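**Q** Could you have a look at this structure, given as structure tokens, before my questions?
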Amino acid sequence: MPMVLGQNQYGKAETRIVRVRRDGTRHEVKDLNVSVALSGDLADTHLTGGNAAVLPTDTTKNTVYAFAQEHGVTSAEDFAVLLARHFVDSQPTIRRARIRVEEYGWNRIARPEAGHRFIGADEVQHSFVRDGAETRTTEVVYDGERFRIISGLSGLVVMNTTASEFWGYIKDRYTTLREAYDRILATEVNARWVFGWSGDDLAPVPFERSYAQVKRHLLEAFAETYSYSLQQTLYAMGNRVLNNRPEIDEIRLSLPNKHHFLVDLEPFGQKNDHEVYYAADRPYGLIEGTVHREGVVPVIPID
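Just so we're aligned: the sequence shown equals residues 1 to 303 in the UniProt record's numbering.
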């Protein structure tokens with residue numbers, strides 16, 4: 001029975017690059033992890049070992065470095081768009097490029113207050129501390145005609161110490177969970193969203209501002225929703241983003257429930273009035289869902 005070569009791609013994964021912009025005395029830092037995947041007319045290299053159609057992965061790595069110097073990095077999305085367009089438009093054998101970028105945040109270390117400044121403090125504009133809040137992500141796919149941009153964030157840990165309940169659920173012979181009318185709700189926000197822009201005549205998206213605003217709306221919706229379930233909170237977060245960010249058509253959220261259980265202090269003769277908890281590492285509930293505009297066909301992959 002003859003065999004057929006199916007979908008295939010290749011590229012250089014996880015090229016780490018730090019771009020420092022040194023305009024004047026105030027430096028700006030972009031810290032990226034860039035992965036390139038290319039596909040096209042590449043059957044020969046699989047079937048015969050011929051490499052005439054192959055752009056070496058080492059070249060894709062060098063291109064990432066060179067583009068960072070030549071074009072700078074205004075945003076992860078803009079940088080990925082430049083790379084994707086370059087690989088497809090410059091190589092006749094490459095039909096599709098997928099660029100994935102993780103961005104790690106750095107915050108500027110604040111200058112001391114006037115009364116405690118050391119000599120030269122006013123000139124300190126180059127010191128940063130790594131931001132551990134979340135990792136910013138983007139994936140850009142370009143096929144020579146249209147772009148698809150899916151951006152997101154992962155690892156953003158949030159918690160409400162009240163304003164959360166969970167009761168009225170199905171109970172069978174294996175149910176031991178007690179109903180909760182005042183509980184801690186904690187999760188790690190992992191979100192991906194799709195931009196309506198596809199490379200046509202629409203105005204470019206201000207990706208830096210868009211990211212900051214999406215994050216703000218996610219956090220505000222989490223904080224302001226009186227939650228009867230994490231599913232309800234998920235929908236409120238996605239709905240708020242779409243209502244406030246017209247450039248986004250779809251958002252998918254994955255929210256692990258970071259369970260906090262009251263510690264039983266009765267054996268010690270103590271009362272625990274929702275003050276002492278233990279944080280369970282695993283297993284955990286995992287709540288996932290997509291919110292999209294009416295008429296939009298969802299494209300974010302479902303794991």
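We treat Cβ as the ideally placed atom computed from N, Cα and C, and that holds for glycine. Small disclaimer: the values here were computed from a predicted structure and weren't measured.
Would you say F222 and S75 are within 9 Å of each other, going by their C-beta atoms?
**A** Not a contact, by the Cβ cut-off of 9 Å.
**Q** Nearest-angstrom Cα distance between V205 and W197?
**A** For V205 and W197, the distance between alpha carbons rounds to 7 Å.
**Q** What is the C-beta distance between R293 and D249, in whole angstroms, given that I count them as a contact (C-beta under 8 Å)?
**A** So it is a contact: roughly 5 Å between Cβ atoms.
**Q** By Cβ distance below 8 Å, which residues in the same chain neighbour D58 in space, the five residues on each side in sequence not counted?
**A** Counting only Cβ-Cβ distances below 8 Å, and skipping sequence neighbours, we find K12.
**Q** If you drop the 5 nearest sequence neighbours on each side, which residues of the same chain put their C-beta closer than 6 Å to that of R98?
**A** The residues are A37, V141.
**Q** Kindly indicate the opening and closing residues of the beta strand (DSSP E) around A191.
**A** Where A191 is concerned, the enclosing beta strand (DSSP E) stretches over 185-195.
**Q** For Q91 and N62, I'd like the C-alpha separation in whole angstroms.
**A** Looking at the two C-alpha atoms, the distance is approximately 16 Å.
**Q** Near K271, which residues of its chain fall below 8 Å by C-beta distance, leaving aside the five closest residues on each side in sequence?
**A** If we look at K271 and ignore the five residues flanking it on each side, its Cβ neighbours are L265.
**Q** Helix, strand or coil for K171 per DSSP?
**A** In the structure shown, K171 sits in coil (DSSP, three-state: anything other than H, G, I, E or B).
**Q** Which partner residues does M159 have in the DSSP bridge list?
**A** M159 is bridged to A186.
**Q** At 3 residues or longer, and completely inside the region 240-291: list those beta strand (DSSP E) runs for me, N to C.
**A** Runs of the beta strand (DSSP E) inside the region 240-291: 248-257, 260-262, 277-279.
**Q** Quick one: using the 10 Å Cβ neighbour count with 16 as the cut-off for buried, is M237 buried or exposed?
**A** Burial call: buried.
**Q** Applying the 10 Å Cβ sphere with the 16-neighbour rule, what's the burial state of N8?
**A** Per the 10 Å Cβ criterion, exposed.
**Q** For the beta strand (DSSP E) containing T135, name the first residue and the last one.
**A** 128-142 is the span of the beta strand (DSSP E), which, as asked, contains T135.
**Q** So A37 is in the beta strand (DSSP E); what residue range does that whole segment cover?
**A** That run of the beta strand (DSSP E) goes 28-40.
**Q** Please report how far the alpha carbon of S254 lies from the alpha carbon of M1, in whole angstroms.
**A** Each residue's Cα considered, the two are about 42 Å apart.
**Q** So, are the CB atoms of L234 and G168 less than 9 Å apart?
**A** Cβ atoms of L234 and G168: not closer than 9 Å.
**Q** On the DSSP bridge assignment, give the partners of E103 in chain order.
**A** L32, R136.
**Q** Is the Cβ-Cβ distance between R130 and G199 less than 9 Å?
**A** Not in contact: R130 and G199 (Cβ atoms no closer than 9 Å).
**Q** Taking the CB atoms as reference points, tell me whether L185 and L230 lie closer together than 9 Å.
**A** Yes, the Cβ-Cβ distance between L185 and L230 is below 9 Å.
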